[in-house]
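Read through the structure below, which is laid out as structure tokens, and then see the notes.
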Amino acid sequence: MKFAFAGIDFLGGVFEGLIEAGWTPIKLFTRPCDGLYDHNDVVVARARQLRVPIQLSRLRASDLDALNAAHGRDWALVVAGYPWLITGWRTRAAFGLNIHPSPLPTGRGPYPLFRAVEEGFETWGVTAHVLAEDGFDTGDILAQDLFPLDTLENHETLLAKCQMAAQRLAIGPLGRELPARWRRPL
């Protein structure tokens, strides 16, 4: 399957995992990063290696129109660690999904990892869900990868677990079964 990826290195393993599952990247949407707390060096380098077009500005409706003109609706928009709500994809792409670093519906909203550690959750996870038009992290759940948290869990260990879980989702249920997991609205 062809896909456009919107994200940074935080969950960039999704980009690589989908490629490993046999998907073909058609565009990378990323953003400038500070190089201290957020990075995009790895996804940008991989996109360059594959000669995938890269856009460092916010994804707009006109970008979706251009992908639709080039590929029809035969592609997926995959979002992972991208800070802006993306709307209008339903008429331009076959699939739109977000990879969120929490076991939704718990942890809805921006960067919930600190909450998981501070509140002492016993389990956490990563969720793949339909990219909703009406708000962040509200779409139908497509797949989850849940894992236990250690009593000494910290942000760095949880981040690593989320990154590995996100890549497992990309290689496994998303990369191999997305059309079967998709529920089309009537």
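Residues in the sequence shown are numbered from 172 upward in steps of one, following my numbering.
Beta carbons: idealized from backbone N, C-alpha and C, even for Gly.
Same chain, Cβ closer than 7 Å to residue i, five either side skipped, listed in chain order
i, result
"ALA314", "ALA299, LEU340, PRO344, LEU345 and ARG352"
"ARG347", "ALA192"
"LEU227", "THR201, ARG202 and PRO203"
"GLY188", "GLN338, ALA341, ILE342 and GLY346"
"VAL213", "ASP180 and GLY183"
"ALA265", "ARG244, ASP245, TRP246 and ALA247"
Residue i: CB within 7 Å of a non-hydrogen atom of the ligand NAD
i, result
"ASP234", "With respect to small molecules bound, the structure shown includes none, and the ligand NAD cannot be examined in it."
Of the listed residues the options, nearest to residue i (C-alpha basis)
i, options, result
"THR294", "ALA218, ASP305 and GLY278", "GLY278"
"ARG229", "GLY280, THR262 and LEU199", "LEU199"
"TYR282", "LEU268, LEU349 and SER273", "SER273"
"ALA331", "GLU348, VAL301 and VAL297", "VAL297"
"ARG202", "THR195, PRO196 and ASN211", "ASN211"
"SER233", "ARG244, GLY259 and HIS242", "GLY259"
"PRO196", "PRO319, VAL185 and ASP205", "VAL185"
"ARG263", "GLY252, ALA237 and LEU275", "ALA237"
"LEU235", "ASP316, PHE307, ILE257 and TYR253", "ILE257"
Neighbourhood of residue i by C-beta, 6 Å cutoff - its chain only, sequence neighbours within 5 removed
i, result
"ASP209", "ILE179"
"TRP255", "ARG229"
"GLY267", "LEU248, TRP260 and LEU302"
"CYS333", "PRO272 and VAL297"
Contacts around residue i, its chain only, beta-carbon distance under 8 Å, and the 5 residues preceding and following it disregarded
i, result
"ARG231", "none"
"LEU329", "LEU284, ALA287, VAL288, TRP295 and LEU320"
Three-state class that DSSP yields for residue i in the structure shown
i, result
"ILE342", "helix"
"LEU330", "helix"
"PRO281", "coil"
"ASN239", "helix"
"LEU357", "With a pLDDT of only 32 at LEU357, under the threshold of 50, the placement of this residue in the model should not be trusted; the figure read from the coordinates follows. Note: LEU357 maps to coil in three-state DSSP."
"PRO254", "coil"
"PRO272", "coil"
"ALA264", "coil"
Residue i to residue j span [Cα, whole Å]
i, j, result
"ALA175", "ALA247", "6 Å"
"ILE312", "ARG222", "32 Å"
"MET335", "GLU290", "22 Å"
"ALA337", "VAL250", "12 Å"
"LEU207", "LYS173", "32 Å"
"GLU304", "GLY310", "8 Å"
"PRO356", "LEU349", "Residue placement at PRO356 is flagged as unreliable, the pLDDT there being 45, under the threshold of 50; a coordinate-derived value is accordingly withheld."
"PHE318", "ARG219", "33 Å"
"ALA241", "THR322", "50 Å"
"ILE270", "GLY252", "8 Å"
"ALA216", "ILE225", "10 Å"
Which parts of the region 180-224 are runs of the beta strand (DSSP E), unbroken and 3 residues or longer, counting only runs that do not cross its ends?
195-200
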